[in-house]
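Enquirer: Residue numbers (the numbering used here), protein chains in the order written: chain V, 20 to 255; chain L, 20 to 255.
2 protein chains.
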Amino acid sequence: MAAGQRGGWQPPLHRCGVSATWQAVRAAVLDRIRARDWPPGARIPDEADLAAEFGCARATVNRALRDLAAAGLLERRRRGGTRVSALPVRRAVLSIPVIRAEVAARGMAHGYRLLHDTAGEEPGVGPVRLVRALHTADGAPFCLEDRWISAAAVPGLAAADFAAVSANEWLVGNAPFTHGEIAFTAAAADPADARDLGCAPGAPVLTVLRRTWAGALPVTALTLTHAPGHRVTATL
Amino acid sequence: MAAGQRGGWQPPLHRCGVSATWQAVRAAVLDRIRARDWPPGARIPDEADLAAEFGCARATVNRALRDLAAAGLLERRRRGGTRVSALPVRRAVLSIPVIRAEVAARGMAHGYRLLHDTAGEEPGVGPVRLVRALHTADGAPFCLEDRWISAAAVPGLAAADFAAVSANEWLVGNAPFTHGEIAFTAAAADPADARDLGCAPGAPVLTVLRRTWAGALPVTALTLTHAPGHRVTATL
DNA sequence: GAGTGGTCTAGACCACCAA
DNA sequence: TGGTGGTCTAGACCACTCC
Numbered sequence: 020m021a022a023g024q025r026g027g028w029q030p031p032l033h034r035c036g037v038s039a040t041w042q043a044v045r046a047a048v049l050d051r052i053r054a055r056d057w058p059p060g061a062r063i064p065d066e067a068d069l070a071a072e073f074g075c076a077r078a079t080v081n082r083a084l085r086d087l088a089a090a091g092l093l094e095r096r097r098r099g100g101t102r103v104s105a106l107p108v109r110r111a112v113l114s115i116p117v118i119r120a121e122v123a124a125r126g127m128a129h130g131y132r133l134l135h136d137t138a139g140e141e142p143g144v145g146p147v148r149l150v151r152a153l154h155t156a157d158g159a160p161f162c163l164e165d166r167w168i169s170a171a172a173v174p175g176l177a178a179a180d181f182a183a184v185s186a187n188e189w190l191v192g193n194a195p196f197t198h199g200e201i202a203f204t205a206a207a208a209d210p211a212d213a214r215d216l217g218c219a220p221g222a223p224v225l226t227v228l229r230r231t232w233a234g235a236l237p238v239t240a241l242t243l244t245h246a247p248g249h250r251v252t253a254t255l
Numbered sequence: 020m021a022a023g024q025r026g027g028w029q030p031p032l033h034r035c036g037v038s039a040t041w042q043a044v045r046a047a048v049l050d051r052i053r054a055r056d057w058p059p060g061a062r063i064p065d066e067a068d069l070a071a072e073f074g075c076a077r078a079t080v081n082r083a084l085r086d087l088a089a090a091g092l093l094e095r096r097r098r099g100g101t102r103v104s105a106l107p108v109r110r111a112v113l114s115i116p117v118i119r120a121e122v123a124a125r126g127m128a129h130g131y132r133l134l135h136d137t138a139g140e141e142p143g144v145g146p147v148r149l150v151r152a153l154h155t156a157d158g159a160p161f162c163l164e165d166r167w168i169s170a171a172a173v174p175g176l177a178a179a180d181f182a183a184v185s186a187n188e189w190l191v192g193n194a195p196f197t198h199g200e201i202a203f204t205a206a207a208a209d210p211a212d213a214r215d216l217g218c219a220p221g222a223p224v225l226t227v228l229r230r231t232w233a234g235a236l237p238v239t240a241l242t243l244t245h246a247p248g249h250r251v252t253a254t255l
């Protein structure tokens with residue numbers, strides 16, 4: 020679904036109740052699913068029927084049902100109709116801001132220090148720039164950013180000054196990507212990370228691995244090692 | 020957008036190229052953003068102008084732009100127009116299947132054992148059922164499920180047999196919720212967790228905290244403690 | 001083959017908010 | 001207050017896929 024529609028929301032009262040909005044249709048369908056009026060696995064009426072029932076256009080019903088399908092509550096197939104998911108795979112939207120914005124959103128002052136910046140070679144990628152930096156929040160270590168950046172995929176890379184602007188932020192504006200993946204895992208802080216993060220060696224730290232591509236070309240891969248206690252949250 | 024449209028996709032060739040599809044419009048706009056034809060922060064033409072340019076209906080442009088806004092690449096405001104995000108907050112969609120399905124998706128056999136099941140009281144919630152269970156994958160510990168379930172919010176709770184069906188799965192069909200939150204953090208395995216998971220005490224483990232509500236009523240809260248090495252992944 | 005969802009169109013009204 | 005996005009409509013054609 021459109022993430023922008025999440026959060027506090029008021030139903031628009033167009034046309035003063037003359038006809039249903041797509042949100043109203045979505046709510047009505049959701050109620051029937053939850054009331055087990057339409058039990059898991061059951062097929063629900065087709066769009067034309069629902070449109071007639073709700074007194075709206077088919078396009079309105081379509082939008083409502085598409086939204087519920089995107090949320091994992093319905094499964095739709097051409098010719099096969101629409102069914103209530105038997106085992107709904109709920110989906111949560113994870114926001115991934117620039118680290119500086121993430122720290123600022125917590126009401127803290129963001130700091131940044133470049134730790135290492137060298138040239139290297141990444142197998143299967145070619146020449147890369149290797150960067151390690153520390154982000155701080157109100158002066159305390161927030162997370163370590165370890166990454167390589169492909170020289171081939173990022174024109175102007177050599178000229179970037181990562182002492183002045185974090186690679187995290189510079190890349191946002193200078194290295195567009197088409198797709199990527201992200202993974203979360205727990206790890207024990209290794210001695211170097213522990214030193215830079217100011218925590219005990221072996222302390223459990225949340226690491227975020229991210230990798231992006233521009234088409235078939237790898238752009239960058241990074242590991243964010245967060246200070247102990249860090250949480251990543253999302254809304255269901 | 021509809022999740023069903025992700026993945027390998029071929030542009031529909033309706034009308035043999037006479038007019039643009041919304042995906043084509045989205046791709047064209049994306050190209051201009053990436054080419055910095057429309058730099059970060061810049062205002063882009065309004066929907067009517069783009070519709071004229073692409074030779075399609077405004078609704079088609081609207082759908083394309085809404086999709087890009089949902090992905091965090093555009094910011095739209097009535098009267099204010101549409102702008103390219105200066106600091107795009109990328110969004111990733113996290114799938115949250117039932118644990119049994121998650122294990123099965125990895126091609127492993129799911130196992131389940133109830134460890135504890137008692138009545139209790141949760142401050143601010145009232146009487147709850149406290150459940151602790153272990154999920155296994157091919158016989159090896161996969162994750163610990165620790166949760167409370169509100170008796171007030173879940174009719175039929177007392178009759179549920181969590182030795183036969185995991186609470187995780189039973190709740191999917193029996194305790195609909197309206198909203199919830201999820202958080203990831205790294206922790207050190209405490210002695211009890213270490214024993215049940217078969218890992219060393221103090222080992223770094225990924226914990227997932229989840230909490231759901233039905234309207235204003237808390238439904239359940241759980242902690243999933245995953246075996247060391249576990250990863251949670253999503254696509255950008 | 002035929003039923004269902006996916007999408008496009010052209011027009012319309014409305015809500016919101018920046019100029 | 002006017003311009004912009006948000007949405008609805010009624011109709012249409014098409015793609016997919018189950019029967």
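Glycine included, each C-beta is placed from N, C-alpha and C at the ideal position.
These numbers come from a predicted model, not from an experiment.
Among V/Ala-202, V/Ala-222, V/Gly-234 and V/Ala-46, which one has its Cα closest to the Cα of V/Pro-195?
Expert: Position 176 of the first sequence, counted from the first residue, corresponds to residue 195 of chain V. If we check each option's Cα against that of V/Pro-195, V/Gly-234 comes out closest.
Enquirer: Report the CB separation of L/Val-112 from L/Thr-254 in whole angstroms; it is logged as a contact under 8 Å.
Expert: Mapped onto the second sequence, residue 112 of chain L falls at position 93. Mapped onto the second sequence, residue 254 of chain L falls at position 235. In this structure L/Val-112 is in contact with L/Thr-254, their Cβ atoms being roughly 7 Å apart against a cut-off of 8 Å.
Enquirer: What does DSSP give as the partner residues of L/Ile-201 in its beta bridges?
Expert: The residue labelled residue 201 of chain L in the question sits at position 182 within the second sequence. V/Ala-253 and L/Arg-229, per the DSSP bridge assignment.
Enquirer: Below 7 Å CB to CB, which residues in the same chain sit around V/Ala-88 once its five sequence neighbours on both sides are set aside?
Expert: Numbered from 1 along the first sequence, position 69 holds the residue referred to as residue 88 of chain V. Taken in chain order, the residues that qualify are Glu-94 and Arg-95.
Enquirer: Should L/Asp-56 be labelled buried (16 or more other beta-carbon atoms within 10 Å of its own) or exposed?
Expert: The count along the second sequence starts at 1 and reaches residue 56 of chain L at position 37. The residue is exposed, with fewer than 16 neighbouring Cβ atoms inside 10 Å.
Enquirer: Taking only beta-carbon positions, decide if L/Arg-214 is within less than 8 Å of chain V.
Expert: Counted from its first residue, the second sequence places residue 214 of chain L at position 195. Not one chain V Cβ lies under 8 Å of L/Arg-214.
Enquirer: Compute the Euclidean distance between the alpha carbons of L/Ala-70 and L/Trp-41, then round it to the nearest angstrom.
Expert: Looking up residue 70 of chain L in the second sequence gives position 51. Looking up residue 41 of chain L in the second sequence gives position 22. So the two alpha carbons sit approximately 10 Å from each other.
Enquirer: Using the C-alpha atoms, what's the distance from V/His-249 back to V/Val-122?
Expert: What you label residue 122 of chain V is simply residue 103 of the first sequence in a count that begins at 1. What you label residue 249 of chain V is simply residue 230 of the first sequence in a count that begins at 1. Linking V/Val-122 to V/His-249 through their CA atoms gives a straight-line distance of about 12 Å.
Enquirer: Among V/Trp-189, V/Asp-212, V/Ser-169 and V/Ala-246, whose alpha-carbon lies nearest the alpha-carbon of V/Arg-230?
Expert: Taking the first residue of the first sequence as 1, we reach residue 230 of chain V at position 211. For the residues V/Trp-189, V/Asp-212, V/Ser-169 and V/Ala-246, the minimum Cα distance to V/Arg-230 belongs to V/Ser-169.
Enquirer: Leaving out five residues before and five after V/Val-144 in sequence, what residues of the same chain have Cβ atoms less than 8 Å from its Cβ?
Expert: Numbered from 1 along the first sequence, position 125 holds the residue referred to as residue 144 of chain V. Contacts found: Trp-167, Ser-169, Ala-171 and Pro-237.
Enquirer: Which residues in chain V sit within 7 Å of L/Leu-114, going by Cβ to Cβ distance?
Expert: Position 95 of the second sequence, counted from the start, is the residue given in the question as residue 114 of chain L. One detail in the question is off: residue 114 of chain L reads as Ser in this sequence, not Leu. The contacting residues are Val-108 and Arg-110.
Enquirer: Return yes when the Cβ of L/Leu-243 is within less than 8 Å of the Cβ of L/Glu-164, no when it is not.
Expert: As a first step, residue 164 of chain L is located in the second sequence; it is residue number 145 there, counting from the start. As a first step, residue 243 of chain L is located in the second sequence; it is residue number 224 there, counting from the start. Going by C-beta atoms, L/Glu-164 is nearer than 8 Å to L/Leu-243.
Enquirer: For a test of the three-state rule: what should DSSP assign to V/Ser-139, helix, strand or coil?
Expert: In the first sequence, the residue the question calls residue 139 of chain V occupies position 120. According to the sequence shown, residue 139 of chain V is Gly rather than Ser. For V/Gly-139, the secondary structure class from DSSP, reduced to helix, strand or coil, is strand.
Enquirer: With a cut-off of 8 Å, does the C-beta of L/Glu-72 fall near any C-beta of chain V?
Expert: Translated into the one-based positions of the second sequence, residue 72 of chain L becomes position 53. The Cβ of L/Glu-72 sits no closer than 8 Å to any Cβ of chain V.
Enquirer: Is DSSP giving V/Pro-223 helix, strand or coil here?
Expert: Taking the first sequence and counting its residues from 1, the one referred to as residue 223 of chain V is at position 204. V/Pro-223: strand per DSSP, three-state reduction.
Enquirer: State the Cα-Cα distance for the pair V/Ala-105 and L/Trp-189, rounded to the nearest angstrom.
Expert: Counting from 1 along the first sequence, the entry for residue 105 of chain V is found at position 86. Counting from 1 along the second sequence, the entry for residue 189 of chain L is found at position 170. Rounded to the nearest angstrom, the two C-alpha atoms are 12 Å apart.
Enquirer: Pull out every residue of the segment 181-208 of chain L whose Cβ sits closer than 7 Å to any Cβ of chain V, in chain order.
Expert: Val-191, Gly-192, Pro-195, His-198, Gly-199, Glu-200, Ile-201, Ala-202, Phe-203, Thr-204, Ala-205, Ala-206 and Ala-207
Enquirer: Per DSSP, which residues does V/Arg-132 bridge with? Please list them.
Expert: Position 113 of the first sequence holds residue 132 of chain V. Answer is V/Leu-153, bridged to V/Arg-132.
Enquirer: With distances taken Cα to Cα, identify the nearest neighbour of L/Ala-156 among L/Arg-45, L/Ala-206, L/His-245 and L/Pro-58.
Expert: As a working note, residue 156 of chain L is residue 137 in the second sequence. For L/Ala-156, the nearest C-alpha among the options comes from L/His-245.
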